[in-house]
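Participant: Numbering (this note's numbering), first residue to last: 24 to 350.
Yeah, the Cβ is synthetic: ideal placement off N, Cα and C, and Gly gets one too.
Questions regarding the structure given below will be posed in turn.
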Ligand SMILES: *Cc1c(COP(=O)(O)O)cnc(C)c1O
């Protein structure tokens with residue numbers, strides 16, 4: 024089957040380099056994949072998904088692209104940039120902090136309501152619709168309502184799920200796994216933050232059956248992510264590629280220990296992980312995603328669960344971090 028169509032957005036391959044000082048301290052041959060440095064709209068993992076999603080948007084002839092997320096969504100920022108570059112309207116339905124029904128609204132300092140991606144979305148001309156905080160399902164319902172009213176108004180709307188997590192979005196990480204393979208020897212393990220699931224599931228699908236473990240560290244307290252969203256994405260990749268791998272939930276390593284209070288609330292362990300990586304290697308993490316995943320990596324190195332040649336997949340997020348951190 025031919026590869027899905029692609030619109031170029033990012034500067035790939037993104038850099039891959041060792042973290043020698045930190046690696047020596049924790050006893051790993053530690054490397055980092057710099058998807059924070061995609062060169063597209065502030066960087067981050069969403070650029071890879073958008074290369075395939077935007078090709079489908081352009082082929083559809085839609086004039087409005089609709090998505091949803093949290094107010095400081097990195098996906099909305101990068102989608103807004105891609106739409107602006109192609110002369111399309113971008114409409115985003117946003118909650119300050121959507122939450123999982125299992126946990127309720129997490130206690131703790133929420134993301135800042137100004138600065139960071141909020142400023143960049145406005146700069147890019149994203150049309151934002153803010154709705155009161157509630158569960159993710161409440162956000163999806165509000166987005167359905169907006170879609171219906173735009174369609175009733177005679178507009179052709181292309182809908183993209185939260186975080187760009189569809190099989191087509193995940194295909195960006197199937198391609199990324201190939202990019203990584205071309206950059207050098209395989210890894211024993213890859214550690215990556217996971218939230219809407221297509222970064223993790225794209226890599227897990229691509230590396231299934233190889234000696235490389237792909238460990239997703241949850242940034243969102245959603246235990247059903249693997250059984251529901253990620254399995255649906257994996258089945259979608261089976262179809263999209265014509266290369267069915269038949270992934271089962273037990274083929275996906277998904278770790279919930281480092282979520283903390285919930286999505287969007289920073290953790291102390293994440294803060295410490297951010298500091299150690301900054302001081303030993305001069306690399307910055309963000310508090311919502313990469314800091315929690317890196318805290319997981321450090322804990323798994325400490326417990327002996329991680330050994331050998333290990334890769335941290337840096338998914339970006341720095342524009343939020345600039346306003347999400349307090350000194
Ligand atoms: C969206 C995002 C993630 C999570 O990726 P998913 O594919 O949604 O699981 C991780 N890190 C950053 C910085 C992000 O913006």
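State yes or no: is the C-beta of residue 37 within less than 7 Å of the C-beta of residue 60?
Facilitator: yes
Participant: Could you have a look at residue 56 and say whether DSSP puts it in helix, strand or coil?
Facilitator: strand
Participant: Under 6 Å: does the beta carbon of residue 97 sit that close to some heavy atom of ligand 1?
Facilitator: Yes; taking the cut-off as 6 Å, the Cβ of residue 97 has a heavy atom of ligand 1 nearer than that.
Participant: Going by the DSSP bridge assignment, what does residue 122 pair with across the sheet?
Facilitator: 158
Participant: Let's see if you can read the secondary structure: which residues bound the beta strand (DSSP E) around residue 181?
Facilitator: 180-182
Participant: How is the beta strand (DSSP E) around residue 141 delimited, first residue to last?
Facilitator: Where residue 141 is concerned, there is no enclosing beta strand (DSSP E), although the alpha helix (DSSP H) it sits in stretches over 140-147.
Participant: Whole angstroms are fine: how far does the CA of residue 329 sit from the CA of residue 95?
Facilitator: 32 Å
Participant: For the beta strand (DSSP E) containing residue 256, name the first residue and the last one.
Facilitator: Element bounds for residue 256: not the beta strand (DSSP E) but the alpha helix (DSSP H), 254-264.
Participant: Taking only the alpha-carbon atoms, compute the straight-line gap between residue 26 and residue 157 and give it to the nearest angstrom.
Facilitator: 38 Å
Participant: Within 10 angstroms of its Cβ, does residue 208 collect 16 or more other Cβ (buried), or is it exposed?
Facilitator: exposed
Participant: Over the uninterrupted beta strand (DSSP E) stretch that includes residue 87, give me the two end residues.
Facilitator: It spans 87-93 - the beta strand (DSSP E) in which residue 87 sits, taken as one unbroken run.
Participant: Would residue 185 pass as an interface residue toward chain C - the criterion being a Cβ-Cβ separation below 7 Å?
Facilitator: Protein chain content of the structure displayed is limited to a single chain, and chain C is not contained in it.
Participant: Hey, is residue 126 close to ligand 1, as in C-beta under 6 Å from one of its heavy atoms?
Facilitator: no
Participant: Assign residue 144 to buried or exposed, taking buried as 16 or more other Cβ atoms, counted over all protein chains shown, within 10 Å of its Cβ.
Facilitator: buried
Participant: Hey, residue 123 and residue 99: beta-carbon distance below 7 Å or not?
Facilitator: no
Participant: Quick check: does the Cβ of residue 135 come within less than 6 Å of any heavy atom belonging to ligand 1?
Facilitator: no
Participant: Going by the DSSP bridge assignment, what does residue 336 pair with across the sheet?
Facilitator: 56
Participant: Is any non-hydrogen atom of ligand 1 found closer than 6 Å to the C-beta of residue 129, if you look at the structure I gave you?
Facilitator: no
Participant: Where residue 78 and residue 32 are concerned, what is the direct C-alpha to C-alpha distance, given to the nearest angstrom?
Facilitator: If you take the alpha carbons of residue 78 and residue 32, they lie about 11 Å apart.
Participant: When you compare only the Cα positions, how much space is there between residue 314 and residue 76?
Facilitator: 27 Å
Participant: Taking 6 Å as the line, does the beta carbon of residue 83 fall inside it for any heavy atom of ligand 1?
Facilitator: no
Participant: To the nearest angstrom, how far is it from the Cα of residue 83 to the Cα of residue 43?
Facilitator: 47 Å
Participant: Mapping DSSP to helix, strand and coil, what is residue 270?
Facilitator: coil
Participant: When burial is assigned at 16 or more other CB atoms within 10 Å of the CB, is residue 349 buried or exposed?
Facilitator: Note on residue 349: pLDDT 46, under 50, position unreliable in the model; no value is reported.
Participant: With a threshold of 8 Å, are at least 3 pairs of Cβ atoms found where one atom belongs to the region 302-322 and the other to the region 251-271?
Facilitator: Note that the region 302-322 does not touch the region 251-271; fewer than 3 beta-carbon pairs, one per stretch, sit closer than 8 Å.
Participant: Among 340, 260, 161, which one has its Cα closest to the Cα of residue 242?
Facilitator: Comparing Cα positions, the closest option is 340.
Participant: What does the Cβ neighbour count give for residue 118, buried or exposed, with the cut at 16 atoms within 10 Å?
Facilitator: Looking at its Cβ environment, which holds 16 or more other Cβ atoms inside 10 Å, residue 118 is buried.
Participant: Using three-state DSSP, classify residue 317 as helix, strand or coil.
Facilitator: helix
Participant: Alpha carbon to alpha carbon, what distance is there between residue 252 and residue 261?
Facilitator: 14 Å
Participant: Is it the case that the CB of residue 216 approaches a heavy atom of ligand 1 more closely than 6 Å?
Facilitator: yes
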